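Student:
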Amino acid sequence: MDAEDTEMITDVTETAPDNKRSCEGADLNLETKNCHDDPCNLNMPLGEKKLLPCLVKVYDGLDADLKLNDVVEFIGVLTFDPELTVHPGTVGESVDCIHGSFLDEDISAQLPASRVPRLHSILHRKLSSDQLFQAMPMNTLGQLYPDALSRSSFEELRSSLVARFTEVLGGDGLAAEYLLLHLLSRVHARVEPMAVGKLSLNIVEPRPMKDGSTSFIQMVSHTISTLLPRSHLMSLSLEFLNEKLIAPKKNYSSNRLMTGDLQLADGTHLMLDETVLRSGQLNDIGLQNVHFLKNMMEWQKVEYDFEFYKMEMSTDVAVLVLSAARSRLFPSDVVLPLRPTRGFSSDFPVENLWRWRIYLAAARAGDHTIDPTIQKVLEEELVSARQEDRSLGPEVFHRWLTLARLLSLSYGESTLSLERWNMVREMERRLTERLRVC
28 MDAEDTEMIT DVTETAPDNK RSCEGADLNL ETKNCHDDPC NLNMPLGEKK LLPCLVKVYD
88 GLDADLKLND VVEFIGVLTF DPELTVHPGT VGESVDCIHG SFLDEDISAQ LPASRVPRLH
148 SILHRKLSSD QLFQAMPMNT LGQLYPDALS RSSFEELRSS LVARFTEVLG GDGLAAEYLL
208 LHLLSRVHAR VEPMAVGKLS LNIVEPRPMK DGSTSFIQMV SHTISTLLPR SHLMSLSLEF
268 LNEKLIAPKK NYSSNRLMTG DLQLADGTHL MLDETVLRSG QLNDIGLQNV HFLKNMMEWQ
328 KVEYDFEFYK MEMSTDVAVL VLSAARSRLF PSDVVLPLRP TRGFSSDFPV ENLWRWRIYL
388 AAARAGDHTI DPTIQKVLEE ELVSARQEDR SLGPEVFHRW LTLARLLSLS YGESTLSLER
448 WNMVREMERR LTERLRVC
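One gets our numbering by counting positions in the sequence shown from 1 and adding 27 to each.
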């Protein structure tokens with residue numbers, strides 16, 4: 028790892044021997060001047076307040092495999108080392124910052140302003156999405172794990188989860204199917220500049236907010252955050268877009284990479300609430316933020332600003348857009364007008380929760396192939412579809428193949444069958460009919 032990599036990935040915050048690095052993955056560089064300039068600015072991801080910051084020290088070069096935005100589990104010894112020299116005029120402010128950062132817990136009363144928490148790592152491991160699913164509450168030892176799911180278990184869990192989504196979406200079964208496939212999507216390959224496997228979804232709920240759109244968004248957000256280990260709801264009001272950049276930027280004064288809302292770990296689900304966006308003028312910051320979001324949705328890349336240069340970082344974030352009309356700012360792979368037949372339901376049965384989490388983890392992690400004989404049939408169907416409708420472009424065929432892969436995985440199948448392919452074509456036919464009258 029060269030010096031530039033170290034700066035980008037671990038953000039070394041102190042002079043250390045060659046065999047010791049300070050990883051700012053937990054992100055604490057609580058300098059007095061930063062606290063003075065911006066009180067309690069702990070550079071927390073997504074502006075979280077209820078988090079405990081910690082500086083992790085990894086020894087003997089074992090941090091070489093750690094990269095930006097990795098989710099890592101550390102086991103080590105927690106200590107408090109003298110680190111900061113506090114200027115007399117800023118003692119009170121520093122104490123306030125530290126007390127605020129520890130949420131007024133007992134530890135805050137015992138922690139001098141000249142000390143910050145350290146975790147001396149003994150061992151660590153990077154956590155994949157399926158490991159995070161297993162680590163979620165209610166997934167205790169002896170319960171179901173992804174490799175223990177049988178074909179019948181897949182179908183049973185799939186059926187119950189789609190039924191649950193149907194209730195959440197007001198009885199719209201087609202929307203429930205698309206939502207499931209969207210949640211299973213991930214980038215499984217890159218053919219520059221394309222990110223193969225992504226499936227962004229735009230659910231259009233045209234009813235005015237006073238008639239239920241707000242509660243609908245809350246229900247969808249609650250459902251997703253309950254099922255997935257990492258999710259984030261971003262309300263795209265005009266004020267939010269114009270206020271600050273949502274992409275990370277390096278601050279050379281504090282020698283820190285200042286986090287942004289789009290600095291997300293792979294496997295995170297991002298929900299964009301466009302229903303709160305009102306007419307108005309986007310300033311330069313707002314225009315940049317719209318560009319950042321569109322770039323993430325289309326290419327699964329986020330532009331990091333290092334002041335003297337900019338670098339695109341690959342990401343893997345499933346994006347769901349909720350809007351009152353088809354989103355013009357953020358084009359999605361699938362645009363789905365909602366057709367509710369009854370009220371939206373907020374009930375979520377706890378007894379099935381852990382089983383659904385394991386199902387999602389297993390389906391997302393599954394491998395998938397297309398048999399050569401099936402591939403030939405698909406090629407013939409794509410040619411036939413193109414002859415019938417000249418407006419069909421490569422992006423449509425790519426979407427069909429992505430949906431077919433995800434549909435197969437949702438049934439626990441590792442190869443594509445004609446049955447699943449025909450199911451995808453039927454789903455797309457029904458969706459096209461909706462879009463014609465939308």
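We put the CB at the ideal spot given by N, CA and C, even for glycine.
Computed from a prediction, not measured in an experiment: that's the story for all the values here.
Given a cut-off of 7 Å, decide if V98 and L150 are closer than it, judged by their beta-carbon atoms.
Tutor: Start at 1 with the first residue of the sequence shown, and residue 150 comes out as number 123. Start at 1 with the first residue of the sequence shown, and residue 98 comes out as number 71. Not a contact, by the Cβ cut-off of 7 Å.
Student: Does the segment 311-321 come within contact of the segment 263-270, defined as at least 3 CB pairs closer than 8 Å?
Tutor: Yes: at least three Cβ pairs fall under 8 Å.
Student: List in chain order: all unbroken beta strand (DSSP E) runs of 3+ residues lying wholly within the segment 361-423.
Tutor: The qualifying runs are 361-364.
Student: Have a look at the DSSP bridge pairing and note the partners of L73.
Tutor: Indexing the sequence shown from 1 puts residue 73 at position 46. Answer is none; L73 lacks a bridge partner.
Student: Given this structure, state the Cα-to-Cα distance separating M338 from S281, to the nearest angstrom.
Tutor: Counting from one through the sequence shown, the residue named residue 338 turns up at place 311. Counting from one through the sequence shown, the residue named residue 281 turns up at place 254. Straight-line Cα distance between these residues: approximately 20 Å.
Student: Tell me whether L458 sits in a helix, a strand or coil according to DSSP, three-state version.
Tutor: Position 431 of the sequence shown, counted from the first residue, corresponds to residue 458. Reduced to three states, the DSSP call for L458 is helix.
Student: Provide the residue span of the alpha helix (DSSP H) that contains D87, from first to last.
Tutor: Your numbering for residue 87 matches position 60 in the sequence shown. Careful: D87 lies outside any alpha helix (DSSP H) and carries neither H nor E.
Student: Using DSSP with H/G/I as helix, E/B as strand and the rest coil, what is Y438?
Tutor: Position 411 of the sequence shown, counted from the first residue, corresponds to residue 438. Y438 falls in the coil class under three-state DSSP.
Student: Under 8 Å by Cβ, that's how I've got G103 and S148 pegged, so tell me the actual separation to the nearest angstrom.
Tutor: Here residue 103 refers to the residue found at position 76 of the sequence shown. Here residue 148 refers to the residue found at position 121 of the sequence shown. Between S148 and G103 the Cβ distance is about 4 Å, and since that is below 8 Å, they are a contact.
Student: Which residue comes first and which comes last in the beta strand (DSSP E) that contains E270?
Tutor: As a position in the sequence shown, residue 270 is number 243, starting the count at 1. Careful: E270 lies outside any beta strand (DSSP E), inside the alpha helix (DSSP H) at L265 to E270.
Student: Alpha carbon to alpha carbon, what distance is there between S177 and M454?
Tutor: Taking the sequence shown and counting its residues from 1, the one referred to as residue 454 is at position 427. Taking the sequence shown and counting its residues from 1, the one referred to as residue 177 is at position 150. Each residue's alpha carbon lies about 26 Å from the other.
Student: Find out if the Cβ-Cβ distance for the pair F333, K271 is shorter than 7 Å.
Tutor: Taking the first residue of the sequence shown as 1, we reach residue 333 at position 306. Taking the first residue of the sequence shown as 1, we reach residue 271 at position 244. For F333 and K271, no; Cβs fall outside 7 Å.
Student: Specify, as a first and last residue, the run of the beta strand (DSSP E) that S341 falls within.
Tutor: Your numbering for residue 341 matches position 314 in the sequence shown. Residues K337 to S341.
Student: Can L255 and G313 be called in contact, C-beta distance under 7 Å?
Tutor: Against the sequence shown, residue 255 aligns to sequence position 228. Against the sequence shown, residue 313 aligns to sequence position 286. Result no, Cβ atoms of L255 and G313 do not sit closer than 7 Å.
Student: In whole angstroms, what is the alpha-carbon distance linking G370 and R384?
Tutor: As a first step, residue 370 is located in the sequence shown; it is residue number 343 there, counting from the start. As a first step, residue 384 is located in the sequence shown; it is residue number 357 there, counting from the start. Rounded to whole angstroms, G370 to R384 spans 25 Å at the Cα level.
Student: With C-beta atoms as the reference, is S354 less than 7 Å away from N449?
Tutor: In the sequence shown, the residue the question calls residue 354 occupies position 327. In the sequence shown, the residue the question calls residue 449 occupies position 422. No, the Cβ-Cβ distance between S354 and N449 is not below 7 Å.
Student: My output table needs one value for L79: the three-state DSSP class, helix, strand or coil.
Tutor: Position 52 of the sequence shown, counted from the start, is the residue given in the question as residue 79. Coil at L79, not helix or strand.
Student: What would DSSP say about T193, mapped onto helix, strand or coil?
Tutor: Residue 193 sits at position 166 when you count from the first residue of the sequence shown. Looking at T193 - three-state DSSP - the assignment turns out to be helix.
Student: Should L211 and R391 be called a contact, given that it needs their Cβ atoms to be closer than 7 Å?
Tutor: On the sequence shown, position 184 is the one that residue 211 refers to. On the sequence shown, position 364 is the one that residue 391 refers to. Cβ atoms of L211 and R391: closer than 7 Å.
Student: Could you spell out the range, first to last residue, of the alpha helix (DSSP H) harbouring I273?
Tutor: As a first step, residue 273 is located in the sequence shown; it is residue number 246 there, counting from the start. No alpha helix (DSSP H) holds I273; DSSP gives it neither H nor E.
Student: Under the DSSP definition of a beta bridge, which residues are partnered with L331?
Tutor: Position 304 of the sequence shown, counting from 1, holds the residue named residue 331. According to the sequence provided, residue 331 is Tyr. The question's Leu does not apply to it. DSSP lists M338 as partners of Y331.
Student: Quick check on DSSP: helix, strand or coil for E110?
Tutor: Numbered from its first residue, the sequence shown carries residue 110 at position 83. Below a pLDDT of 50, predicted positions are generally treated as unreliable, and E110, at 46, falls in that range; no measurement from the model is reported.
Student: In whole angstroms, what is the alpha-carbon distance linking N316 and G224?
Tutor: Your numbering for residue 316 matches position 289 in the sequence shown. Your numbering for residue 224 matches position 197 in the sequence shown. Taking the straight line joining both Cα atoms gives about 24 Å.
Student: Would you kindly work out how many angstroms separate the C-alpha atoms of S468 and R382, rounded to a whole number?
Tutor: The question about residue 468 has no answer here: the residues shown for the chain are numbered 28 through 465.
Student: Given this structure, state the Cα-to-Cα distance separating L289 from T193, to the nearest angstrom.
Tutor: Position 262 of the sequence shown, counting from 1, holds the residue named residue 289. Position 166 of the sequence shown, counting from 1, holds the residue named residue 193. Their Cα atoms are separated by approximately 30 Å.
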